[in-house]
Amino acid sequence: MKREETRQVYLDYSATTPVKPEVLEAMLPYFSEYYGNPSSLYSLGQKSKNAIRAARGQLAGLIGAQESEVFFTGSGTEADNWALIGAAMWKRDKGRHIVTTNIEHHAIMHSGGFLEKEGYEVTSLPAGKDGLVKPELLEKAIRDDTTLVSVMFANNEIGTIQPIAELCAIAHGRGALFHTDAVQALGNVPIDVHGLGVDLMSMSAHKIYGPKGVGALYIKKGVNLPGYIHGGAQESDKRAGTENLTGIVGFGKAAELAAQNLEAHIAKTRELNDYFIDRVLREIPDVYVNGSLESRLPGNANITFKYIESEAILLSLDIAGISVSTGSACASATLEPSHVLDALGLPIEEIYGSLRFTVGDFTTREDLDYVVEELKTAVARLREFSLFSGQAGQ
Ligand code: PLP
């Protein structure tokens, strides 16, 4: 007898996205047809160099930057390390204090930890219960020896969007540089770097339907951040190493598509996400959504299911062909409670009861109907066996 195939529903677009067919098509010739080293002077090399230039223009177009302000890296993580450690070291004669927040991605948190070991002082601004960072807190924390402020654009776990322009203006008012990790925001909210005024901004291709292993750092014209990886003269002498040609071409194409589809993408993901949140809140008792409902990414729903462990729900959903996440992708392989939900003040057992659902361009309403039904069954069954089941429904 033929086994019926389990339906597959991917609801983890914040962890990574599938490469879009148009992106793959743009990349393919650069693997084996136009494979020249972009630094080579003959035509085959120049073809590669031109492809990188075109990709730089496409990414610059998505964020309102000039081509010369975009520097490709090996990941969003590398861009974050470069921004934080590079800027802190560059400005160390002026001061050794940097300000960040307690809900940053590990790429920022651990770079800050590295700097602390090197003798720098790092102040972490606490996000409020709604997952937002209040500008007044930055005003109080910033000092004469603060050289850099780094606040993420949108949070990877709860999707909250920070008041970047306002925070940036405060940093500049005190002579500090401003960096934002926009890995989750890129392609999900309109970004105009010149309007925002940011000096440095991190990005990653695999969150916008591009390939993995390629990122970029926006560096505002006039900010002469020194290079971080040393060797050849690639990326205007700032990021050595033969370029990830196919990855960069894919990033460029993904950025071009994101710019063309931005409004439709936002409208679609918001509509789907609102539908999902509404059904879950109405049809499953003892649940709540984490983070501000107003200032958030259109496709993010981080939901706490009281009295059960989210890992058990995740495994039940996985058996039903549904992919979701218990925290940020890199933290979810560990049993550490999410530092973001902890920062919001959730009790530990509710942190362990939280799941992140993120919709994207290939999600349908039927997918969400299927997920809600499977979720209802899993939650009811797990609560029946839960130690806390006596409290369920109270
Ligand atoms: N910053 C944020 C907010 C992220 O969500 C991620 C990826 O999860 C990163 C940085 C790291 O990007 P990459 O996976 O390209 O290293």
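Count the sequence shown with our numbering and you get residues 123 to 516, in order. Ideal Cβ positions, reconstructed from N, Cα and C, are used throughout, including at glycine.
Give the C-beta separation of residue i and residue j to the nearest angstrom, bearing in mind that I take them to be a contact with Cβ-Cβ under 8 Å.
i      : j      : result
Val271 : Phe300 : 5 Å
Leu339 : Ala205 : 6 Å
Val255 : Gln284 : 5 Å
Ala173 : Tyr156 : 7 Å
Ile225 : Gly186 : The Cβ separation is near 26 Å, so there is no contact.
Ser197 : Thr222 : Actually they are not in contact, since the Cβ atoms of Ser197 and Thr222 sit about 19 Å apart, beyond 8 Å.
Compare the Cα-Cα distances from residue i to each of the options and report the closest residue.
i      : options                        : result
Gly369 : His387, Gln130, Glu147, Tyr135 : Glu147
Arg218 : Gly198, Val145, Gly241         : Gly241
Asn159 : Leu150, Asp408, Asn224, Ser170 : Ser170
Lys251 : Asn310, Leu490, Gly467         : Gly467
Gly332 : Leu367, Ala355, Gly421, Glu258 : Leu367
Ser161 : Phe153, Val402, Gln356         : Gln356
Leu477 : Glu127, Glu126, Thr128, Leu133 : Leu133
Thr199 : Leu163, Gly234, Ala423         : Gly234
Less than 7 Å separating the Cβ of residue i from some heavy atom of the ligand ADP?
i      : result
Ser197 : Looking at this structure, you won't find the ligand ADP anywhere; what it does contain is the ligand PLP.
Given a cut-off of 8 Å, decide if residue j and residue i are closer than it, judged by their beta-carbon atoms.
i      : j      : result
Asp377 : Gln180 : Per the sequence shown, residue 377 should be read as Ala rather than Asp. Yes; because the gap between Cβ atoms is below 8 Å, this pair is in contact.
Val409 : Thr426 : yes
Lys342 : Glu191 : yes
Asn91  : Gln306 : Look at the range of the chain in this structure, 123 to 516, and you will see that residue 91 is not part of it.
Phe484 : Phe398 : no
Glu189 : Leu379 : no
Asp202 : Ala229 : yes
Lys375 : Thr138 : no
Lys498 : Ile406 : yes
Ala298 : Ile351 : no
Thr195 : Gly337 : yes
Determine the extent of the beta strand (DSSP E) in which residue i is found, giving its start and end residues.
i      : result
Met323 : 322 to 326
Val271 : 268 to 272
Ile425 : 422 to 427
Thr195 : 192 to 195
Glu431 : Element bounds for Glu431: n/a, residue is neither H nor E.
Glu243 : 243 to 247
Val221 : 219 to 223
Within the continuous alpha helix (DSSP H) that includes residue i, where are the two ends?
i      : result
His228 : 228 to 239
Arg478 : Looking at the DSSP string, Arg478 is not in any alpha helix (DSSP H); the run it does join, the beta strand (DSSP E), is 476 to 480.
Thr199 : 198 to 203
Ile470 : 470 to 473
At 3 residues or longer, and completely inside the segment 359 to 413: list those beta strand (DSSP E) runs for me, N to C. 409 to 411
Length-filtered (4 minimum) alpha helix (DSSP H) runs lying within the segment 287 to 344: 315 to 318
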